[in-house]
Amino acid sequence: MTASTLDVPAPTGTVGEPVLEIENLSVDYGYTDDATHVLRDVSLTLHRGEVLGLAGESGCGKSTLAYAATRLLPPPGLITSGSVHFTGRDGQRTDVLRQSDAELRASRWQDTAIVFQGAMNSLNPVYRIGRQIADGILAHRPGMRRKEAWDQAASLLEMVGINADRLRDFPHQLSGGMRQRVMIAMALALDPQVLIMDEPTTALDVVMQRQIVEEIADLRERLGFSVVFITHDVSLLIEIADRIAIMYAGDIVEDAGAQDVYRRPRHPYSAALLHSFPPLRGERRELTGIPGSPPDMQKMPPGCPFAPRCAHVTDVCRQVRPVLGPTALADRGGREAERSVACHLHDADLEGIDGTLPADLAR
Amino acid sequence: MRFAVRRTIFYLITAWAAVTINFLIPRLMPGDPVTALMGRMQGRIDSNAEESIRVLFGLDTGASVWQQYVDYWGLLLRGDLGLSFTFFPTPVSEIVQQALPWTIGLVGVATIISFTLGTGIGVAIGWRRGTWADALLPITTFFSAVPYFWLGLIAITVFSVTLGWFPSSGSYDRGLVPTWSWEFVGSVIYYGFLPALTVVLSSIAGWILGMRNMLVTVSSEDYVTVAHAKGLPERRVMVGYAARNAILPQVSNFALSLGFVVGGTLIMEMVFSYQGIGYTLFQAVNTQDYPLMQGCFLVITLAVLGANIIADFVYAALDPRARQEG
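Chains as they are written, first to last, in the UniProt record's numbering: chain Y, 1 to 363; chain X, 1 to 326.
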């Protein structure tokens, strides 16, 4: 794997400087009054050079968040409020949701590239893969000649470990893993700063999953882009992500460093989620799973959406929806102060909350 | 390349089977042409003449079916389809040759226009589904839902009889000599306009609906979203990614309908008294003119086969998955 002909830029800026800031983003499905509120005031910040994992059960709004932040939401999805600020390499800050169509088109793929869920369907079956990589490049580099774009496509393919003579293949001539590599190569064609990966490994077998994940980690190290990695596979996230945001029923319920979430979950849902898959290392423990099922988004209960399934539920949980805030243990300082959680158990000022966390949330 | 060879062999076998069936069917039918002719003439031919007619038709040789089959192929390869009974002694090939260009010209052009226009409109309203453009669908569907003869008669009533814009029947001004002059060609177009218009009107809804629905389906494919995400211009996404894939089923339907062009739109040719092959076949059936029927069927069969070949190769050119070998 070489990137000989690609000029690899040194990662600019330091980790910590925000590159994509999603603020109070709300998304409805449907245009009428009884529309389903799929995302409610979701805020999330992606920092430069960071791998941010977005985890949660199916249907909790992970993909919707990614699609909304890139304005690719298919109808009847509708962004009702919020802003998505993108900060370029030159430090210029633009609100993606308020860009004109032409500006949006020009910034797509250059600023934020996406690798979609289905490796099988992401490539146009009637065009050669070289052409599909090249047309994305040409759309943003009007002066470039076709030949140059194809040459660049060739080096991109080599970068993800596919022989360049595969350029003239059609998608159906490639295996699933190769197609996903092609998609990754395509996404990196314009050297984007943010790469959103929507369950990029779901359709692949475990061996291929590992290869792809390692590929991504390796490329990020060299090219210095930031990644939003969406998956329901929390064990995978713990390995690849720097930070993890756990989503539940259209809300982010916990946002913290990957190891912190793994070892010291602060939200009952995160804790339950971590108990529902076997750890790769460490002592044996019993898998419990989470009783019940996610709430119907069309008839959301007034309080915490997790309340009906929560082991530590209190009266206030059923009435007031918690918002993302500091943990009860924030005075421990350090990394603990940086994490946030949306749970009433962490708010000692509330009536009926005594301020002492259950043992499994206070590790 | 192997694809082309394989398809060619397949079509040669199909053509052979079609010709053989075309040969066998009249011989399996009860009665024979001579008795049919005698019956039709209702005693106006003396029964003693039966033997002469038999000789005249070449049915006296007593050759085995196999020998007839071999002879049939021999004649066929020389383009000899026999003599028509109705237009005796005009050769069938001549009659077909006279009728075919009219049908192909009129219905063929109308079908191409209908396909091109319908597919284009289908793309446009499929891409902007849910807007006012969808209102076009019920209108066009209405025209294809009403019986064709009624549409044709209404067109004649309105445009020929009431408004007097177009002639109501025929294929060119009988006062002109058929040559490749501007005047004659203009006359053909003038006479053909109304029938072509009705053919287009009655068939366009199918193309619009087919293309629109395919486009809506394809638009939700991941690769279309990817094309959007790549920041390609809207038109490129619509044409190169959505329409390019949505048109594939349209193409095979188009080739099939081109095949049926030769079958002629019998009703159109009757309503407008147009001298096409559908009308000829109709006459042949009416007068039990076996050689002419057989000739018409053969031409239609071969045309459908030819259209299928075109469909196959066009499809292979458009869809790389179709030309995969193995």
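C-beta atoms are modelled at their ideal positions from N, C-alpha and C, and glycine is treated no differently.
Can you confirm whether residue i, when its beta carbon is compared against all beta carbons of chain X, has any partner nearer than 8 Å?
i	result
tryptophan 150 (chain Y)	no
isoleucine 114 (chain Y)	yes
arginine 168 (chain Y)	no
alanine 203 (chain Y)	no
arginine 179 (chain Y)	no
arginine 108 (chain Y)	yes
alanine 185 (chain Y)	no
histidine 140 (chain Y)	yes
histidine 312 (chain Y)	no
histidine 344 (chain Y)	no
residue 425 (chain Y)	Limits of chain Y in this structure are 1 at one end and 363 at the other, which puts residue 425 (chain Y) out of reach.
histidine 267 (chain Y)	no
histidine 172 (chain Y)	yes
valine 182 (chain Y)	no
Any C-beta of chain Y sitting closer than 8 Å to the C-beta of residue i?
i	result
asparagine 286 (chain X)	no
glycine 326 (chain X)	Confidence is the limiting factor: at glycine 326 (chain X) the pLDDT is only 44, short of 50, which leaves the residue's position unreliable, though a coordinate-based value still follows. Taking Cβ atoms only, chain Y never reaches closer than 8 Å to glycine 326 (chain X), which makes this a no.
For residue i, count the other beta carbons within 10 Å of its own beta carbon; 16 or more makes it buried, fewer makes it exposed. Which is it?
i	result
valine 42 (chain Y)	buried
lysine 230 (chain X)	buried
glycine 49 (chain Y)	buried
isoleucine 240 (chain Y)	buried
glutamate 254 (chain Y)	buried
tyrosine 31 (chain Y)	exposed
glutamate 158 (chain Y)	buried
tryptophan 102 (chain X)	buried
valine 27 (chain Y)	buried
valine 262 (chain X)	buried
glutamate 234 (chain X)	exposed
alanine 63 (chain X)	exposed
phenylalanine 142 (chain X)	exposed
aspartate 46 (chain X)	exposed
methionine 41 (chain X)	exposed
glutamate 199 (chain Y)	buried
tryptophan 165 (chain X)	exposed
aspartate 319 (chain X)	buried
residue 367 (chain Y)	Because chain Y in this structure spans residues 1 to 363, residue 367 (chain Y) falls outside the shown range and cannot be described.
Just checking my contact of residue i with residue j at CB under 8 Å: how many whole Å lie between their CB atoms?
i	j	result
alanine 316 (chain X)	phenylalanine 3 (chain X)	6 Å
valine 158 (chain X)	threonine 265 (chain X)	That pair is no contact at about 20 Å.
glycine 82 (chain Y)	threonine 64 (chain Y)	So it is not a contact: roughly 12 Å between Cβ atoms.
alanine 18 (chain X)	threonine 280 (chain X)	Their Cβ separation, rounded to whole angstroms, is 20 Å, which puts alanine 18 (chain X) and threonine 280 (chain X) out of contact at 8 Å.
serine 226 (chain Y)	glutamine 193 (chain Y)	6 Å
methionine 186 (chain Y)	glutamine 152 (chain Y)	So it is not a contact: roughly 11 Å between Cβ atoms.
glycine 250 (chain Y)	arginine 40 (chain Y)	5 Å
alanine 203 (chain Y)	glycine 224 (chain Y)	So it is not a contact: roughly 28 Å between Cβ atoms.
histidine 346 (chain Y)	alanine 328 (chain Y)	4 Å
Taking 7 Å as the cut-off, is the CB of residue i close to at least one heavy atom of the ligand SAM?
i	result
serine 47 (chain X)	This structure lacks the ligand SAM, and indeed carries no ligand of any kind.
Counting pairs of beta carbons, one from the region 115-123 of chain Y and one from the region 140-150 of chain Y, are three or more of them closer than 8 Å? The region 115-123 of chain Y, when compared against the region 140-150 of chain Y, does not touch it at the 8 Å Cβ threshold.
Is the region 172-189 of chain X close to the region 85-95 of chain X, with three or more CB pairs under 8 Å? Contact check between the region 172-189 of chain X and the region 85-95 of chain X: fewer than three CB pairs, one atom from each, fall below 8 Å, which does not count as touching.
Cβ contact check for the region 269-277 of chain X and the region 162-173 of chain X: 3 or more pairs under 8 Å: A contact exists between the region 269-277 of chain X and the region 162-173 of chain X.
Chain Y contacts from the region 224-247 of chain X (Cβ-Cβ distance under 9 Å): Listed in sequence order: Val224, Thr225, Val226, Ala227, His228, Ala229, Lys230, Gly231, Leu232, Pro233, Glu234, Arg236, Gly240, Tyr241, Arg244, Asn245.
Please confirm if the region 51-64 of chain Y is in contact with the region 216-234 of chain Y, defined as three or more CB-CB distances below 8 Å between the two stretches. Yes, the region 51-64 of chain Y touches the region 216-234 of chain Y.
Please list the residues of the region 65-94 of chain Y that have a C-beta atom closer than 7 Å to any C-beta atom in chain X, keeping them in chain order. Considering only beta carbons, the part of the region 65-94 of chain Y lying closer than 7 Å to chain X consists of Thr70, Leu72, Pro74, in chain order.
Residues of the region 116-136 of chain Y in Cβ contact with chain B at a cutoff of 7 Å, in chain order, please. Protein chains Y and X are contained in the structure displayed, whereas chain B is not.
Could you name the residues of the region 193-222 of chain X whose beta carbon sits closer than 8 Å to any beta carbon of chain Y, in the order they occur along the chain? Within the region 193-222 of chain X, the qualifying residues are Ser220, Glu221, Asp222.
Where the region 306-322 of chain X meets chain Y: residues whose CB sits under 9 Å from a CB there: For the region 306-322 of chain X, residues whose beta-carbon sits nearer than 9 Å to a beta-carbon of chain Y comprise Leu318, Asp319, Pro320, Arg321.
Three Cβ pairs or more, each shorter than 8 Å: is that satisfied between the region 238-255 of chain X and the region 218-229 of chain X? Short answer: they touch.
Output, in sequence order along the chain, the residues in the region 94-106 of chain Y whose CB is closer than 9 Å to any CB in chain X. Cβ contacts with chain X come from Asp101, Leu104, Arg105, Ala106.
Using 8 Å as the threshold, is the region 281-291 of chain Y in touch with the region 19-28 of chain Y, meaning 3 or more CB pairs across them? No, because fewer than three Cβ pairs between the region 281-291 of chain Y and the region 19-28 of chain Y fall closer than 8 Å, the two stretches do not touch.
Indicate whether the contact test is met: 3 or more Cβ pairs, each with one atom in the region 306-314 of chain X and one in the region 41-54 of chain X, closer than 8 Å. Inter-segment contact for the region 306-314 of chain X and the region 41-54 of chain X is absent: fewer than three beta-carbon pairs are separated by less than 8 Å.
Positions along the region 273-292 of chain Y whose CB lies within less than 8 Å of some CB in chain X: Those residues of the region 273-292 of chain Y that come within reach of chain X (Cβ to Cβ, closer than 8 Å) do not exist; the list is empty.
Using 8 Å as the threshold, is the region 134-142 of chain X in touch with the region 246-261 of chain X, meaning 3 or more CB pairs across them? Remark: fewer than three beta-carbon pairs, one from each stretch, lie closer than 8 Å, so the region 134-142 of chain X and the region 246-261 of chain X are not flagged as touching.
Three or more C-beta pairs under 8 Å: does that hold for the region 255-267 of chain Y against the region 88-108 of chain Y? The answer is no - the region 88-108 of chain Y does not touch the region 255-267 of chain Y, with fewer than three Cβ pairs under 8 Å.
At least 3 beta-carbon pairs within less than 8 Å: the region 168-182 of chain Y vs the region 123-130 of chain Y: Cβ pair count under 8 Å is three or more, so yes.
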